[in-house]
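Asks: Residue numbers (our numbering), protein chains in the order written: chain A, 73 to 157; chain B, 73 to 157. We put the CB at the ideal spot given by N, CA and C, even for glycine.
2 protein chains.
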Amino acid sequence: MTLLSILATIFGSGMALSNFPQALKIFKRKSARDISLLTYVLLFLGSVTWVLYGIEIKSYPLIIANSFGTIGVVLVVIGWSFYRK
Amino acid sequence: MTLLSILATIFGSGMALSNFPQALKIFKRKSARDISLLTYVLLFLGSVTWVLYGIEIKSYPLIIANSFGTIGVVLVVIGWSFYRK
Numbered sequence: 073m074t075l076l077s078i079l080a081t082i083f084g085s086g087m088a089l090s091n092f093p094q095a096l097k098i099f100k101r102k103s104a105r106d107i108s109l110l111t112y113v114l115l116f117l118g119s120v121t122w123v124l125y126g127i128e129i130k131s132y133p134l135i136i137a138n139s140f141g142t143i144g145v146v147l148v149v150i151g152w153s154f155y156r157k
Numbered sequence: 073m074t075l076l077s078i079l080a081t082i083f084g085s086g087m088a089l090s091n092f093p094q095a096l097k098i099f100k101r102k103s104a105r106d107i108s109l110l111t112y113v114l115l116f117l118g119s120v121t122w123v124l125y126g127i128e129i130k131s132y133p134l135i136i137a138n139s140f141g142t143i144g145v146v147l148v149v150i151g152w153s154f155y156r157k
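1) Taking 7 Å as the cut-off, does the CB of B:Lys97 come closer than this to any heavy atom belonging to the ligand ADP?
2) Taking C-beta pairs closer than 7 Å, name the residues in chain B that A:Tyr125 reaches, listed in chain order.
3) Are there 16 or more other CB atoms within 10 angstroms of the CB of B:Phe83, so buried, or fewer, so exposed?
4) Give every residue of the same chain whose Cβ lies closer than 6 Å to the Cβ of A:Ile107, excluding the five residues on either side of it in the sequence, and list them in chain order.
5) Name the chain B residues that come within less than 7 Å of A:Phe83, Cβ to Cβ?
6) At 3 residues or longer, what runs of the beta strand (DSSP E) sit wholly inside the stretch 109-147 of chain A?
7) So, at 7 Å on beta carbons, what are the nonlocal neighbours of B:Ser119 in its own chain, with the 5 sequence-adjacent residues on each side left out?
8) Could you name the residues of the same chain whose beta carbon sits closer than 8 Å to that of B:Ser85, not counting the 5 residues immediately before and after it, in chain order?
9) Give a yes or no on whether the minimum CB-CB distance between A:Ile129 and chain B is below 8 Å.
Here is the structure:
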C-alpha cells in the first residue's frame, strides 16, 4: 500500500459515502418524489464499471471506494422505488 | 485497452464533466454566492489524488476521467474567487 493508494481510498470513499445521507433522507421522509432516477441510474452504471475495472486491474482503492458508491446508490434507488409517489 | 477500461473512461469522464455546466453557469450569471467552496475543495483533493494514483498505477481511465474532473472543479473555484460576492 502506497501513500497515494491510501489517500485515494480515503477521498474516494468519502465521495462515495455522499450517497448515504441522501438514501437516509428518503427513508426518513418516506418520500422520493424529488429524486432524479436518471441521475442515480447513471451513477450506478459508473460505480459498477469502476468496481469491475478495479477488479480487472487489481486496484483496492477503486474496488473499495466504488463498492461504497454502488451500495449507496442502490439504497437511493430502492428508496425511490418504494416512495416515488 | 480492455472493454472495461473503455467503459470506465467513458462513465468516469461523464461523471467528471458534470462540473463544467456548474462552472459555465457561474461565468454566465457572474455570480457564485450559492456555491459551497468546501464541496469543491474536497472534490479537488479527491480528483487530484485519483490522477496521481492513476499515474502511479499507470491507469489511463483514472488519469483521463479525473483530469477532466480536476479541470472542471478548478474552473468552478476560479469562478467562485471572481464572483463570490
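Replies: On the basis of the supplied data:
1) What this structure holds is no ligand at all, so the ligand ADP is not there to describe.
2) Leu76, Ser77, Ala80, Pro133
3) buried
4) Trp152
5) Leu117, Gly118, Thr121
6) none
7) Asn138, Gly141, Thr142, Val145
8) Ile136, Ala137, Phe140
9) yes
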